[in-house]
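In this note's numbering, the protein residues as written are 1197 to 1308. Think of the CB as a built atom: it goes at the ideal place given N, C-alpha and C, for glycine as much as any other residue. Here the structure is a predicted model, which is why all the values come from computation and not from measurement. Worksheet for the structure shown next.
Next comes the structure, spelled out in structure tokens:
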């Protein structure tokens, strides 16, 4: 088995373990977002605090963003990030292929 294949298998198993273990290890734990945690801490420290900034979308819609739209925006943001990462990884793979092809061409030119 190639070294790259072994590394890929180990990484896949590790990713699966990262997804599967936490729900069992943290039974009864409350999973919440950082926004909620921050809001709760601010209310504990200074209950009369008024935010000095209103999100752009809330201002444009004259109210809070519906949960579905918020999820949609989060998914779009995630898709853009994944697209950028995939593009960069593809570029790295292609660059490696090009350098290998150049090396083989140089070796072939030296032999001739």
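| Item | Value |
| --- | --- |
| Where residue 1248 falls: helix, strand or coil (DSSP) | coil |
| Same chain, Cβ closer than 8 Å to residue 1204, five either side skipped, listed in chain order | none |
| Coil, strand or helix - residue 1262 by DSSP | coil |
| Secondary structure of residue 1227, DSSP reduced to three states | coil |
| CA-to-CA distance, residue 1279 to residue 1212, given in whole angstroms | 22 Å |
| Alpha-carbon spacing of residue 1243 relative to residue 1216, whole angstroms | 38 Å |
| CA-to-CA distance, residue 1238 to residue 1228, given in whole angstroms | 16 Å |
| Bounding residues of the alpha helix (DSSP H) (the contiguous stretch that carries residue 1211) | 1199-1221 |
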